[in-house]
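Mapped onto the working numbering, the consecutive letters of the sequence shown carry residue numbers 19 to 116.
Ideal Cβ positions, reconstructed from N, Cα and C, are used throughout, including at glycine.
Given the structure is predicted, the values throughout are model-derived calculations rather than measurements.
Data block below; observations after.
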Amino acid sequence: MWIQQKSTPAPVDELQGHTVGLKFECNNCHKEVFTASIGVPAAEHFATMPDDGQYETEQLQCPTCDMTHEITVKSSREGVRFEVSEVDPGQVYYQVQH
Numbered sequence: 019m020w021i022q023q024k025s026t027p028a029p030v031d032e033l034q035g036h037t038v039g040l041k042f043e044c045n046n047c048h049k050e051v052f053t054a055s056i057g058v059p060a061a062e063h064f065a066t067m068p069d070d071g072q073y074e075t076e077q078l079q080c081p082t083c084d085m086t087h088e089i090t091v092k093s094s095r096e097g098v099r100f101e102v103s104e105v106d107p108g109q110v111y112y113q114v115q116h
């Protein structure tokens, strides 16, 4: 089941230690793009600032128009955020892989 990313981060306890798949609309050709499984990094529980945390960054090329999207998964005490370059955060969906 695909879950739309909201303005608040996704619950870290539900995603930490799992992999997720993302889908989003390419802002260049407007086709849906799906990622392979991406690991959710562990949140840094000893971080001193609320924004401190762990993150993973990957690049993905749109299979339709070859535009390169940068995908960042940020994990902190507040939760998990998925960022895709040039794509509105509300247009990013995630799904936990089992």
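Where V30 is concerned, the enclosing alpha helix (DSSP H) starts and stops at V30 to L33.
If you draw a straight line from the Cα of M85 to the Cα of V51, it comes to about 11 Å. In the displayed model, Q113 falls within a strand according to three-state DSSP. When the Cα atoms are used, P29 and T90 turn out to be separated by approximately 16 Å.
Secondary structure note for T82: it is in no beta strand (DSSP E), with a DSSP letter that is neither H nor E.
When beta bridges are read from the DSSP output, K92 appears opposite Y73 and R99.
If you ignore the 5 residues before and after W20, its C-beta comes within less than 8 Å of the C-beta of K41, Y111, Y112 and Q113, all in its own chain and listed in chain order.
Residue pairing for K41: DSSP places it in a beta bridge opposite F52 and Y111.
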